[in-house]
Structures are given as C-alpha cells and as structure tokens.
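First comes the structure, then the notes that go with it.
Written out as structure tokens, the structure is:
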C-alpha cells in the first residue's frame, strides 16, 4: 500500500491522536464494553475508528458490540467532516453528519476535557437471521459522556446549592468537597453537557451484517441482495416475508434491477465516455503479462495499444473490443443481440444507476455495481475504498502505477 500512501490516496484524511486524548479514547472503549488499546498514538476518522487499533485487535469493526450494535467515539471536534473509512452501514457518514450538524457547539465544549460515546440504537439487540435487517427503520443516536460528567455536574450544583443555604458556607467539609469537584472537573455550573438523542430514518442501505446485504426499499416489494452465499441460502428458506432475494453473482439480478428502473445502460452513449475507456483499459490490462513496456504507456499510447492488442489471443482480443464490435455490427444489422457479442462482465460493468434515482440512492447503487463487476478502478476507489484496497494489493507494480495515475487524474 506504500504507493497509495505516497500518492496520498490511502486513508490520508485521518487525524492523529496522542497524549491525553489516548486516555480519553480508552475510557470510551471501556465504557462501551471493549478493552483498552495499548497504543500510545494512532489516527481516527469521523466515527473515531482507527486502522491501527483495528490491526492491533485484528478486528476491522472493533467498535461494534455484535453486528446489531455499532458505536462511535468523539474525542475532538476535528472529526467533523472527516470520511468514514470503515463503514458498517452505507449511511454511517450521514449519521455522523447529522450528529455534528445538530450538536457541534456542544461537542466543541464537551471535548475540551471529556469525550463522547455514541450509541446507534435501531431497537435490535442481536441479529439472529439475515432477514432481521428488514427490521431497520429508525436509528436513535444516543450520547454518553466519560467520567459521568453529567452526573458530576448535578452533584456540583447540589453542593453549591447546599453551600448557599443557611450557614453552610462555614462547613469545612463542604469546602473540601467543592474544591475536590472543581479540581477534578472544573467549574461545571454553566457547561451545557446535555446531548439530546437524534433520530435518523433509514431508507435503502448496505450493511456488513451477515457478510454483506443490500436492502433496496421503495419498490413493489423490498429487494435483498446478498454478498455471501451462505446467508443467501439461509434467507431463501424464509417464507414469512414478501421480498425479492438475490445473490450478488446471479446473472438474473441485472435484468431485475433494470426492470425495476434501478439501473440502466445505453451502450452507444456509454462508449463515448471516459468511464468506458477506463473499463476497457482495465480489462485489457488483465491480459498484459510480462509486457516490455509500462502498463500506463500501453494504455495511453494508441500505437502501443494496437501492438499489444494484436499480441493477445483472439478470444481475449474480442472481449476487450466487444462493445465496439457490437456497435459496428449493430449499425449494419439491427437484429444483432448484445449477449451474442459483448462480453457479459464488460456489459455489466457499463451499467449505471437509473437517472430517476435520488443522489443518495445512486451512491448506494454505484456501491453495488462496482462490487458486482469491479472493473472501474476510479469508481471502485470512490464508492468502496476497502474493497479497492484489497484488490489493489493483487496487482503488479506497473498496473498499480496506472491505477494511481487514473485516480489522481479523475478520468
């Protein structure tokens, strides 16, 4: 991953945590029911997730108490606006945006000397079976301060009230209690430490639960798309819910999504886009083994492209150029069918979210499409970074250089 780090494409927006903030972070971990980190410094994202702690604990979702109970940790207002690098749900970023939008000034105040544990409560204590994700509706965001700061404020106010009553101002024991409270917590009298719960209503979303499930709502009946086959096999035996269910690799999934106006593809239009060229180049790069020239030179130089295209076998050559071959034949014979000429994987990769979908739904469908056919390296990086990082590790250095250049140029 060094190449990505040098190009500032690998988790480059994390903020560093050290010193007193590490102590507060550990208090949050304990309050949430986890164990402390032994690290003395690390970095965090918007939800307080740290890649270093995830590696230390050998658990990417270490802020979850089971799949049904995700949490966040806020120890600095600088977390506002940061990315969420390891989302358990596709709406995690929106949750944190709502948190900071609603309570930012209070968060600034509280995190001067404390930290906040955030609990995302969707009224599901434990997942028992895959179709439990259908229960998701409202997520209530609750807040809990470390060191019981709210309780300490109440006690401090009570001490002050007692001090001001009758002749209690001469009570030396009361003096000591007030001084002790002030030393430990500071003056809490005017501090606003109340963070009211926030309700977030879910719509269509993706969750990492049960190996990965997409839940698409707002259709005649909900559509569930499973990443893991075992979860899919378990779910299809359920006869109590009126839902459509697919495994992500099922060929009929694409047709169903098109029939529901969730995705679309106009090949003649797509063939004119930068995205088409990226996908074609990536598919071509998969056949370029032991090339004498750098991959990026082959893919950017027309003469080299043609030279190496003629070096691969005919079947592979037809796959790389299948869209152009189809469009050429289609202009002569309207009866030609896409499936007879265009490579299926290539065709699937060229689909996009239907233009009628709302922006947040389009983002979710992009996430789905780049996982069905991970052939567009730029969109895979944009919409599913963790999956991109896993795939990136499998490429040779020459291909990595082309991918980095493609992402940095944005086309």
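Numbering (our numbering), first residue to last: 1 to 411.
C-beta atoms are modelled at their ideal positions from N, C-alpha and C, and glycine is treated no differently.
Counting along the chain, residue 409 sits inside the alpha helix (DSSP H) bounded by residues 397-409. Taking C-beta atoms as the reference points, residue 9 and residue 407 count as a pair closer than 8 Å. The C-beta distance from residue 323 to residue 305 rounds to 15 Å, too long to fall under 8 Å, and the pair is not in contact. By the neighbour-count criterion, in which a residue is buried when 16 or more other Cβ atoms sit within 10 angstroms of its Cβ, residue 197 is exposed. CA-to-CA, the gap between residue 370 and residue 27 works out to about 39 Å. By the beta-carbon neighbour count (other beta carbons within 10 angstroms, threshold 16), residue 194 is exposed. Here residue 47 is near residue 92, since their CB atoms are less than 8 Å apart. Boundaries of the beta strand (DSSP E) around residue 121: 116-121.
Secondary structure at residue 304: helix, using DSSP grouped into helix, strand and coil. Counting every other CB atom within 10 Å of its CB across the protein chains shown gives residue 254 a total of 16 or more, marking it as buried. Annotated three-state conformation of residue 104 is helix, per DSSP. Apart from sequence neighbours up to five positions away, the residues of its chain that approach residue 271 with a beta-carbon distance below 8 Å are 323, 324, 327, ordered along the chain. Within the same chain, Cβ atoms closer than 6 Å to the Cβ of residue 21 are found at 75, the five residues on either side in sequence being excluded. If you keep only unbroken alpha helix (DSSP H) runs of at least 4 residues inside the region 319-381, you get 322-330, 338-341, 344-349, 359-372.
Between residue 202 and residue 139, the C-beta gap is smaller than 8 Å, which places the two residues in contact. Counted as a single uninterrupted DSSP element, the beta strand (DSSP E) harbouring residue 16 occupies residues 15-18. When DSSP states are grouped into helix, strand and coil, residue 84 belongs to the coil group. Note that the C-beta distance between residue 213 and residue 226 is below 8 Å.
Leaving aside the five residues that flank residue 16 on each side, the residues in its chain whose CB is nearer than 7 Å to its CB run, in chain order, 41, 43.
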